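> Okay, handing you the structure first.
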Amino acid sequence: MSTDFAPRGVWRIVAAREIAVKLRDRNFLVSTVITIVVIVASLAISGFMSNRTDEIDVAVVGTGADQIVQTANGLAASADKNITFTARQQTDLAAVEQQVRDEDVEVGLVAADQGGWRLVGDTAENDDAATYLTAAAQQLAVQRNAAAAGLSMEQLGRGGIVAYDLLEESAVDPGLANIVSFVFAFLFYMASFLFGMAIAQSVVEEKQNRVVEILASAIPLRQLLIGKVMGNTVMAFAQLALFVGAGLIGLQVIGRGDQVARIAGAAGWFIVFFVVGFLALASFWAVAGALATRSEDLQSTAMPMSVLIMIVLFAGIFLTGTWRIIASYVPVVSIVAMPSRLAEGTAAWWEPFVSLLLMAVGIYGIVLIAEKIYRRSLMQTQGRLTMRQALAVED
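Here is the structure:
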C-alpha cells in the first residue's frame with residue numbers, strides 16, 4: 276500500500292499493537308502489581324505507626340510524682356497523641372538514675388531541691404516527656420496556687436482562652452499535602468521514565484533491525500509516531516490511575532477518609548495533567564530513539580529527556596511559595612506543580628484550567644517539532660544524529 280493512500284486512522288492499529296505488547300510483557304505486569312502492593316503496604320505501615328501507642332516509662336520518687344504522670348496522660352489524650360506515661364516508683368534518686376542508665380525507663384522524674392521538679396534523661400532529651408510532664412507539673416502548680424489564693428481555675432484563666440478558626444476548613448493537613456506532592460513527583464518520574472524509555476527502545480530496535488523500512492512502505496511515519504505515542508499514553512494513564520486509586524483506597528483504610536475527598540480532586544487533576552503532558556514527553560522519547568542507530572546510542576540521545584524529567588521531579592519536591600506558583604504555569608513542570616498546589620489548597624478553582632490550557636498550547640508546538648525531527652531522522656542509518664542535524668535533513 277502506498278503511504279500516500281494509507282488511511283489516516285492507521286495509527287489505531289499501531290496503538291493497539293503497542294498496548295498488546297505491554298499487556299503481554301511479564302516484567303511490566305509484575306512491576307505494576309509490585310508497585311501497587313508497595314503503595315498499599317507503605318500506607319498500612321504508616322497508618323500502623325501513627326496509630327501505635329508510644330509507651331513511656333517514668334521512674335519517679337517523692338510525693339506528687341504519680342499525680343504529674345497521671346495528669347500528663349490526660350493532656351496527651353486531649354491533644355490526640357497516642358502516648359501513655361507509666362510511673363515506676365523508686366526508693367531514691369540513685370535508683371531513678373540507675374533505671375535511666377540501664378534504659379529500663381525512658382526518663383526519671385524527681386523533686387528539685389528548691390521546689391518544682393527535675394527530669395532525668397540518659398544521653399538525649401525525650402521531647403514527649405519534656406512537653407507533657409512539664410505541662411502537667413505546671414498545671415498542678417497553678418491549681419495549687421489558685422486554691423491558695425481562693426480562686427478557681429476558671430477564674431484564674433478568664434480572658435486567656437484562644438480559639439483557632441481556619442479560613443479554609445477544607446484544607447488538607449500540611450504534612451499530608453507534602454507527602455502527596457512527593458508522591459505526585461515520584462509517580463511522574465517513574466511513569467515518564469519507564470514508558471518513555473520503552474518507546475525509545477522500541478523505535479531504535481525497529482530502526483536497527485530495518486523493520487522501520489517495511490513499516491514506512493506501508494504507513495506514513497506520522498501515523499507510526501501517533502500510534503506509538505497514543506498506545507503508550509493509554510497504558511501510562513491506566514497504570515497511573517491504578518497507582519492513584521490504590522493510594523486513595525489505602526488512605527481510606529488507615530483512617531484518613533476525611534482527607535480522601537480533598538486529595539482525590541488533586542489526584543484527578545494530576546492524572547489529567549500527566550496525560551496531556553505525556554503526549555509531548557512520549558514524542559520526544561520517540562525522537563531519542565529515532566536519532567540513535569543502535570541501542571548503545573540511547574544513553575546519549577535520551578540524555579535531554581532524562582535531565583528534563585529530573586528537573587520536573589526536583590521542582591515538584593523542593594519548590595515552594597512563589598517559585599511553585601510560577602512552576603505551576605510552566606508546561607511539563609506544571610504536571611506536578613499545579614496538582615501539588617491543589618493538594619495544599621493554595622490554588623484557586625480556575626488556576627488548573629488556565630495552567631492546562633497553557634500546557635496544551637505548549638504541547639501542541641512541542642509535538643509538531645518532535646514529529647518533524649522523528650520523521651526526518653528515522654530513516655537515517657548512517658550514524659547517530661543530533662536534533663539540529665535531523666532538522667537539516669530534507670523530507
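Under my numbering, read the sequence shown as residues 276 to 670, first letter to last. Glycine included, C-beta positions come from ideal geometry on N, C-alpha and C. Predicted model, so just to flag it, every value in this text is computed and none were measured.
Flag this pair as touching only if the stretch 539 to 547 and the stretch 329 to 345 have three or more C-beta atom pairs under 8 Å; answer yes or no.
Between the stretch 539 to 547 and the stretch 329 to 345 there are fewer than three inter-stretch CB-CB distances shorter than 8 Å, so the stretches are not counted as touching.
> Alpha carbon to alpha carbon, how far is G390 from V335? Give it in angstroms, no decimals.
16 Å
> Whose CA, out of Q476, L496, E626 and V385, lies closest to the CA of T338?
V385
> With DSSP collapsed to three states, give me the class of A384.
Residue identity differs from the one stated: residue 384 is Leu in this sequence, not Ala. Note: L384 maps to strand in three-state DSSP.
> Within the same chain, show all residues whose beta-carbon is closer than 7 Å to that of A635, passing over the 5 residues directly before and after it, in chain order.
V551
> Short of 7 Å in beta carbon distance, which residues of its chain neighbour K297, apart from the five on each side in sequence? Order them along the chain.
Cβ within range, chain order: F303 and M510.
> Considering only their Cβ atoms, is the gap separating A590 from A565 smaller than 9 Å?
In this structure, A590 does not lie closer than 9 Å to A565 by Cβ.
> Closest by CA to Y649, which one among K482, A623 and S570?
K482
> Just tell me which of P606, M585 and W286 has its CA closest to the CA of F468.
M585
> Quick check on the burial criterion: 16 or more other C-beta atoms within 10 angstroms. Buried or exposed for F628?
exposed
> Whose CA, out of N420, L415 and V375, lies closest to the CA of E400?
For E400, the nearest C-alpha among the options comes from V375.
> Thinking just about the alpha-carbon of each residue, which of D379, L660, V344 and E646 is nearest to the one in L556?
E646
> So what does D732 bridge to, in DSSP terms?
Since the first residue shown for the chain is 276 and the last is 670, residue 732 is missing from the structure and cannot be characterised.
> Per DSSP, what kind of secondary structure is I479 in: helix, strand or coil?
Inspection of the sequence shows that residue 479 is occupied by Val rather than by Ile. V479 falls in the helix class under three-state DSSP.
> Taking Cβ to Cβ, would you say P614 is nearer than 9 Å to W544?
yes
> Could you check what DSSP says for V535 in three-state terms: helix, strand or coil?
helix
> If you check the beta carbons only, do L499 and W286 fall under 9 Å apart?
The Cβ atoms of L499 and W286 sit closer than 9 Å to each other.
> According to the Cβ coordinates, are F360 and L408 closer than 9 Å?
Using a Cβ distance threshold of 9 Å, F360 and L408 count as a contacting pair.
> Helix, strand or coil for V607 per DSSP?
coil
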